[in-house]
Amino acid sequence: MTQTLALPVIASTGSIDAYIQSTKQFPILTEEEEFSLATRFHEENDLEAARQLVLSHLRLVVSIARGYLGYGLPHADLIQEGNIGLMKAVKRFDPRQGVRLVSFAIHWIKAEIHEYVLRNWRLVKVATTKAQRKLFFNLRSLKSGSEALSPAQIADISQQLNVKPEEVAEMETRLSGRDLALDAGNDEDDAVAPIAYLEDSRHEPMRVLERQAADHLQGEGLQAALGILDERSRRIVEARWLADDPATLHELAAQFGVSAERIRQIESKAMQKMREHLTPLAA
């Protein structure tokens with residue numbers, strides 16, 4: 001189904017607004033229309049019916065994807081991942097259950113976007129358990145304001161999400177971290193400014209060795225890892241992760257003449273191959 005449905009695509013970052021506007025041209029289905037289309041798709045494998053179900057819910061994906069812009073990921077890619085979730089929802093939707101597709105699809109759309117965010121958001125290196133993922137995506141909404149959580153609030157949230165209090169505290173630090181001026185610039189505050197108490201540890205033997213190892217990993221190690229990839233995979237990884245202006249999935253799809261989903265698959269496989277190559281070097 002995903003290869004047959006002709007959906008509006010985001011050709012480039014500059015066309016995101018045009019894409020969003022295009023999703024609004026598709027009418028919202030009535031309950032009777034939705035039931036009829038879903039029945040045709042599941043009983044007769046009518047792909048045109050499935051296409052109409054997907055098109056009528058594209059605006060839902062845009063709305064949900066907008067809520068994840070705070071993670072610094074391209075809006076176009078968030079929408080693309082959400083559309084994959086929407087198509088999975090249409091494929092699994094049973095109209096006889098008495099639930100509207102919009103309610104059923106929200107779970108699948110968010111699930112795909114969650115996976116994309118966890119794969120790509122650099123601050124979160126480990127979020128593998130269900131509880132950790134729940135913490136990652138719900139901590140902001142559970143905080144009552146911008147102030148730091150109190151011990152009692154940390155304990156309450158850890159109980160709600162079934163994680164350790166120290167995991168809540170660590171995740172809050174990652175999500176709310178901000179820059180701190182090294183020099184206060186005020187004579188009265190100089191004594192408590194970071195510059196007054198931070199030591200220069202750059203020349204400690206262990207730090208020097210760690211820095212050399214990191215430089216090797218990011219320089220020669222990275223080039224060696226790129227070298228094990230085929231030309232197309234290497235170009236995709238470089239365009240997505242090493243370019244000053246990273247390309248979107250749809251831009252690369254147009255360049256290589258394949259679907260955006262195929263580009264995502266190639267990227268995922270290439271990144272896994274590189275990780276396996278770099279892991280021994282980082283040990």
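UniProt numbering puts the first residue of the sequence shown at 1, with every later residue one more than the last. Backbone N, C-alpha and C fix where the C-beta goes; we use that ideal spot for every residue, glycine too.
Suppose you measure from the CA of S56 to the CA of D156; what does that come to, to the nearest Å?
40 Å
Taking its Cβ as the centre, do 16 or more other Cβ atoms sit within 10 Å of residue 328, making it buried, or is it exposed?
Any question about residue 328 goes unanswered here, given that the chain covers just 1 to 283.
Cutting at 8 Å between CB atoms, please list the residues of its own chain near R40, excluding the five before and the five after it.
Around R40, the same chain offers D46 and A49 as residues with beta carbons nearer than 8 Å, after the five sequence neighbours per side are excluded.
Please classify H203 as buried or exposed, where buried requires at least 16 neighbouring CB atoms within 10 angstroms.
Because the pLDDT of H203 is 46, which lies under 50, any placement of that residue in the model is unreliable, and the question is left without a value.
In its own chain, which residues sit with a C-beta less than 6 Å from the C-beta of L29, not counting the 5 before and 5 after it?
Excluding its 5 nearest sequence neighbours in each direction, L29 has C-beta neighbours in its own chain below 6 Å: S56, listed in chain order.
Quick check: what's the CA-CA separation for A18 versus E167?
Going from the Cα of A18 to the Cα of E167 covers about 41 Å.
Looking at the structure shown, is L249 part of a helix, part of a strand, or coil, going by DSSP?
Note: L249 maps to helix in three-state DSSP.
Between which two residues does the alpha helix (DSSP H) harbouring Q159 extend?
DSSP places Q159 inside the alpha helix (DSSP H), whose first and last residues are P151 to L161.
For L135 and V163, which I take to be in contact (beta-carbon distance under 8 Å), what is that distance rounded to the nearest angstrom?
5 Å
Report the CB separation of R240 from E267 in whole angstroms; it is logged as a contact under 8 Å.
A Cβ-Cβ distance of about 6 Å is found for the pair R240 and E267, placing them in contact under the 8 Å criterion.
Along the chain, where does the alpha helix (DSSP H) that runs through L101 open and close?
Per DSSP, L101 is one residue of the alpha helix (DSSP H) stretching across L101 to N120.
Out of curiosity, what's the CA-to-CA distance linking E107 and D244?
According to the sequence provided, residue 107 is His. The question's Glu does not apply to it. If you take the alpha carbons of H107 and D244, they lie about 34 Å apart.
Closer than 7 Å by C-beta to N120: which residues in its own chain qualify, once you throw out the five before and the five after it? Chain order, please.
Apart from sequence neighbours up to five positions away, the residues of its chain that approach N120 with a beta-carbon distance below 7 Å are L73, ordered along the chain.
So, P95 versus E33, is the Cβ gap smaller than 8 Å?
no
By Cβ distance, which residues of its chain are closer than 6 Å to L37, with the 5 residues on each side in sequence left out?
A49, Q52 and L53
Which class does P27 belong to by DSSP, given the choice of helix, strand or coil?
Taken through DSSP and simplified to helix, strand or coil, P27 comes out as coil.
By Cβ distance, which residues of its chain are closer than 7 Å to R275, with the 5 residues on each side in sequence left out?
none
Between which two residues does the alpha helix (DSSP H) containing G227 stretch?
L222 to G227
Given a threshold of 16 other Cβ atoms within 10 Å of its Cβ, counted over all protein chains shown, does R264 qualify as buried or as exposed?
buried
Hey, A270 and V237 are a contact pair by Cβ (cut 8 Å); roughly how many whole angstroms apart?
Taking the Cβ atoms as the reference, A270 lies roughly 5 Å from V237, within the contact range of under 8 Å.
With C-beta atoms as the reference, is Q80 less than 8 Å away from L249?
Their beta carbons are under 8 Å apart, which means Q80 touches L249 by this criterion.
How would you label Q272, buried or exposed, when you count the other beta carbons within 10 angstroms and need 16 or more for buried?
exposed
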